[in-house]
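Presented below is the structure to which this report refers.
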Amino acid sequence: MNNEVSPIDLFNFAVWGIIFLVIITQLFRSIRIVSTRTALIVERLGKYKATLGPGFHVLIPFIDVVTAIQDLREETIDVPPQECFSKDEVQVEVDGVIYMSVSDPIKATYGVTDYRFAAMQLAQTTTRSVIGTLELDKTFEERDMISQAVVDTLNAAGETWGVHVHRYEIKNIKPPSTVQCAMEKQVTAEREKRAILARAEGDKQSRINTSEGTMRELINLSEGERQRLVNEAEGRASEILALATATAESIEKIGNAVVQPGGEEAIKLNLSEKFINNIAHLADAETSVIFPADLTNLNQLLEALDLHIDRKASV
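Residue numbers (my numbering): 1 to 315.
Structure follows, in structure tokens:
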């Protein structure tokens with residue numbers, strides 16, 4: 001009995017084995033499990049058939065083919081640096097980031113060859129055209145305007161491409177080193193100017209506060225001195241008024257006493273007593289006596305009164 005396998009049998013076995021593996025592979029490939037935020041584009045015999053959403057799907061082997069897998073999540077696309085010229089003919093280097101997502105998987109597959117590359121190129125051209133309308137200083141101030149212009153342009157094209165641009169952010173705007181150095185010097189000068197103005201304003205305010213404090217102090221001192229003088233004047237006036245009142249009352253009482261019976265004699269007696277008391281003090285050493293201009297009988301008068309008059313007394 002011949003147990004040898006002929007080459008033809010080996011060939012047939014290999015062919016059938018390959019066919020079997022292909023069939024098994026296609027059967028497994030026809031079973032698709034799609035995750036969330038993912039879409040599969042299916043073609044049947046080269047023609048668009050369906051878009052598979054999240055879940056379990058079974059395709060017809062050898063007929064249905066998945067030609068594209070679209071990720072519906074938001075993604076970032078780096079826009080490489082590019083050279084742009086501002087309105088005042090200054091060359092700057094600008095780069096940015098695009099935040100976008102696929103809104104229509106069918107258009108993203110058939111509307112454009114590579115929507116990522118197309119969005120990047122359109123963002124660069126739009127950035128160049130917008131910066132060309134601005135002067136160099138304005139390019140740093142108008143970042144939001146530039147970004148919004150790029151977003152509007154990309155969304156207008158995205159309706160055909162099946163994508164939606166959420167935002168565009170400019171990462172860097174780099175002028176030439178010479179211009180950057182000049183700008184840094186300008187910024188430094190502006191800061192020094194603001195510092196000088198701030199110091200001057202502070203010194204001015206300090207001087208104003210000091211002068212106001214001195215003025216208020218002088219006003220308070222003058223008010224205090226005025227009040228002191230007023231109080232002293234009022235005190236003297238009150239004293240004079242009290243003395244005048246007492247004198248008036250005394251005179252009134254004396255006048256009333258004079259008109260009474262025996263009043264005139266009492267007044268004369270009072271004056272005589274005062275005169276005698278004053279005469280008694282003429283002999284004191286501390287007493288100076290002033291006489292009228294006629295001093296003819298001065299020595300006799302002194303001898304009669306037995307008084308010692310100081311020769312140095314003023315006449």
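A virtual CB, placed ideally from N, CA and C, is assigned to each residue, including glycine.
Starting from residue i and walking both ways along the beta strand (DSSP E), at which residues does that stretch end?
i	result
D64	64 to 71
E43	38 to 44
G96	91 to 102
L52	47 to 52
For the alpha helix (DSSP H) containing residue i, list its first residue and its last residue.
i	result
P105	105 to 110
V22	7 to 29
In terms of alpha-carbon separation, which member of the options lies closest to residue i?
i	options	result
G158	S103, K171, L72	S103
K47	F85, P80, L21, Y110	Y110
V97	I173, V90, I106, L27	I173
M145	Y168, S101, G162	Y168
R32	P61, T178, M100	P61
R143	L45, V130, L154	V130
G132	K49, E89, N155	E89
T139	A119, I219, P175, G55	P175
Y99	V151, A156, S30, Q186	V151
D95	V230, L221, V34, T127	T127
Reducing DSSP to helix, strand and coil, say where residue i ends up.
i	result
K171	strand
I33	strand
T76	strand
G132	coil
E142	coil
T247	helix
G235	helix
A162	First, the residue type needs correcting, since residue 162 is Gly and not Ala in the sequence shown. DSSP places G162 in coil when its eight states are reduced to three.
Could you tell me whether the stretch 36 to 49 touches the stretch 60 to 72, where touching means 3 or more Cβ pairs closer than 8 Å?
yes
Do the stretch 195 to 208 and the stretch 148 to 164 make contact, defined as three or more Cβ pairs closer than 8 Å?
No contact exists between the stretch 195 to 208 and the stretch 148 to 164.
For the structure I just gave you, are there three or more beta carbon pairs, one from the stretch 78 to 95 and one from the stretch 121 to 129, closer than 8 Å?
yes
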